[in-house]
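What follows is a short report on a single structure.
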Amino acid sequence: MSQKISNSFPSCDPLILNDEVWLGVQSVAESLEVSVPELLEKISSQQLIVIEVEKLEDLLDTIDGLEGLLSAETEGTVSWEDIKAGLG
Numbered sequence: 044m045s046q047k048i049s050n051s052f053p054s055c056d057p058l059i060l061n062d063e064v065w066l067g068v069q070s071v072a073e074s075l076e077v078s079v080p081e082l083l084e085k086i087s088s089q090q091l092i093v094i095e096v097e098k099l100e101d102l103l104d105t106i107d108g109l110e111g112l113l114s115a116e117t118e119g120t121v122s123w124e125d126i127k128a129g130l131g
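131 is the number that the numbering used here gives the last residue of the sequence shown; the numbers go up by one with no jumps.
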């Protein structure tokens with residue numbers, strides 16, 4: 044069985060989703076506390092974006108790196124020689 048989502052644009056074809064995809068879309072909408080049409084509207088108006096997990100991980104890694112650089116700049120760093128000397 045598949046689900047058909049009609050739209051308010053007469054020149055566009057309806058969107059037909061298989062049950063597995065429909066359940067996934069419903070799950071995402073529920074987690075964001077919006078209806079499926081609201082979810083699709085937010086995506087189409089770019090109020091909400093879909094991003095691949097790998098790209099998100101890359102972005103988070105970049106943010107972590109920048110935070111580390113900022114921390115080193117504001118708090119300073121300890122040289123490797125000082126660390127070795129402290130270990131005895």
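A virtual CB, placed ideally from N, CA and C, is assigned to each residue, including glycine.
List, from N- to C-terminal side, the beta strand (DSSP E) runs of 3 residues or more that fit wholly inside the region 72–103. none
Contact under 9 Å by Cβ, Val64 with Leu82: Not in contact: Val64 and Leu82 (Cβ atoms no closer than 9 Å).
Straight-line CA distance for Gly131 to Asp125? Using only the alpha carbons, I get a separation of about 10 Å.
Tell me the rounded alpha-carbon separation between Ala128 and Glu110. 27 Å
Please check the pair Val77 and Val68, which I expect to be a contact at CB under 8 Å, by giving their CB distance rounded to whole angstroms. No, Val77 and Val68 are not in contact; Cβ-Cβ is about 11 Å, not under 8 Å.
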